[in-house]
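Report on one structure; see the data block that follows.
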Amino acid sequence: MRRLRQIPRVITSALLDVGAGGALVAVLVLILIALLLVPLPRPLLDILIVCNVLVAMLLLLVGLHTSETRQFFSFPTILLLSTLFRLALNVSSTRLILLNGDAGLDAAGQVIQAFGEFVVRGDFLVGAVIFAIIAVVNFVVIAKGSARVAEVAARFTLDALPGKQLAIDADLRAGLISKEDARRARAALAEESQFYGAMDGAMRFVQGDAIAGFVITFINAVGGVAIGVSRGMDIASAINTFGILTIGDGLASIVPSLLISVCAGVVVTRVSTRAAEQPGGRIVRELNAHPRAMVITAGVLIVLGVLPGLPIVPFFLVGFCVLAWAGWLLAAHSARGELEGIAIPEQQL
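Quick note on numbering: the sequence shown equals residues 0 to 348 in numbering that gives the first Met the number 0.
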């Protein structure tokens, strides 16, 4: 019994070990390369697609909760591995769709079938429009903008590196910091420059992944219809069957890609500050610091609701909710100001 109880502890220590972690990453890379060549059974493909969604959601939440770039220093490498994982899943699902698509909508597993039937209600044209919109937003808006931000951040970080090093040396000579503090500050500067330099290159993977997903979906649609017709299916049935499978595969792939693109954008657009603060908390704090702007916004919404032709309920509902929140913030700010005004004379006395 003691040995059985020690098994979870041994497994945990092995996973947390640096050497074991490096070996695990190497094994995962080999498995991902094998996925490009080895056909997968449908149940295993379903599990891997769910894992792909899980990884994307996990990365997005971690990116939102990290307060410093040094806390997510491995993110560029994770971007590369996640991109390779999604491309391997795309190849595996494409293989199943083209080989077994004429057998029915469950040819590539239940997850792709669910994305094709439930999400877009089995309508090929609706699914194609939704997929095209998400693909354009992912590539043109998020991935391209994040790549530009990463490029500018890497350039400015490298340009500011000599000045920051001179400032550390000046503080050390003036006795403001110790040698150990200077060593840690130099290490932090090196990590920051390496991180933004790596992110500048890793964002190319995000852009390439968005383009590859769109191209693979187009190949699935055209190739699937051609293969279905060559196997005796009529053109309408082939377009409907392979179209739904293709859109399901595309949505199952592009949704995690969109989440990771958003995560990359959040990471590269984070502004470095001295105080470690999560992006979500900082956004809420800075927006709540301007309640008068909220009052004006709420008033505009209420006025829009009065205009003829516009629905009253949604404008009034949102407007009064924002107005109530702004009123609570104004009361809180005024109370805080009164307390500070009372505390100042006491300190002067």
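Yeah, the Cβ is synthetic: ideal placement off N, Cα and C, and Gly gets one too.
Pick from I246, Y195, D199 and D208 that is closest to A220, judged by C-alpha positions
Checking every option, the nearest Cα to that of A220 belongs to I246.
Comparing alpha-carbon positions, which option in M56, L83, L88 and L27 lies nearest D45?
Minimum Cα-Cα distance from D45 among the listed residues M56, L83, L88 and L27 corresponds to L88.
By a C-beta neighbour count over all protein chains shown, 10 Å radius and 16 as the cutoff for buried, is P255 buried or exposed?
With 16 or more Cβ atoms within 10 Å of its Cβ, P255 is classed as buried.
Any idea if Q112 is buried or exposed, counting beta-carbon neighbours within 10 angstroms, 16 or more meaning buried?
Buried, by the Cβ-count rule.
Buried or exposed: V267, going by 16 or more other Cβ atoms within 10 Å of its Cβ?
By the neighbour-count rule (16 or more Cβ atoms within 10 Å), V267 is buried.
Reduced DSSP category for R93 - H, G, I as helix; E, B as strand; rest coil
The sequence given here places Thr at residue 93; Arg does not occur at that position. In the structure shown, T93 falls within a helical segment according to DSSP collapsed to helix, strand and coil.
In three-state DSSP terms, what is E191?
Helix.
With three or more C-beta pairs closer than 8 Å as the rule, is the stretch 195 to 207 touching the stretch 140 to 151?
Judged by Cβ distances under 8 Å, the stretch 140 to 151 makes contact with the stretch 195 to 207, as three or more pairs qualify.
CA nearest to the CA of L60, picked from I301, G264 and T296
Closest option to L60, judged by alpha-carbon separation, among I301, G264 and T296: G264.
Give the secondary structure of V302 by DSSP, where H, G and I count as helix, E and B as strand, and everything else as coil.
Helix at V302.
Hey, quick one: how far does the alpha helix (DSSP H) through G144 stretch, first residue to last?
Bounds of the alpha helix (DSSP H) holding G144 are K143 to R172.
Just the C-alpha distance for R335 and M198, rounded to the nearest angstrom, thanks.
So the alpha carbons of these two residues sit roughly 42 Å apart.
Do I253 and I96 count as a contact pair if the criterion is CB distance below 8 Å?
With a cutoff of 8 Å on beta-carbon distance, I96 and I253 are scored as not near each other.
Using 7 Å as the cut-off, classify the Cβ of S252 as near or not near the heavy atoms of the ligand ATP, replying yes or no.
No copy of the ligand ATP occurs in the structure displayed, which carries no ligand at all.
Please list the terminal residues of the continuous alpha helix (DSSP H) segment that includes D248.
Looking at the DSSP string, the run of the alpha helix (DSSP H) that includes D248 is I234 to V267.
Separation of F315 from L322, as counted between CA atoms
So the two alpha carbons sit approximately 10 Å from each other.
Exposed or buried, R172, counting other C-beta atoms within 10 Å across all chains shown (16 or more means buried)?
Exposed, because fewer than 16 other Cβ atoms sit within 10 Å of the Cβ of R172.
Nearest to G100 (by Cα), restricted to the options V317, G222 and G304:
Closest in C-alpha terms to G100, from the list V317, G222 and G304, comes G222.
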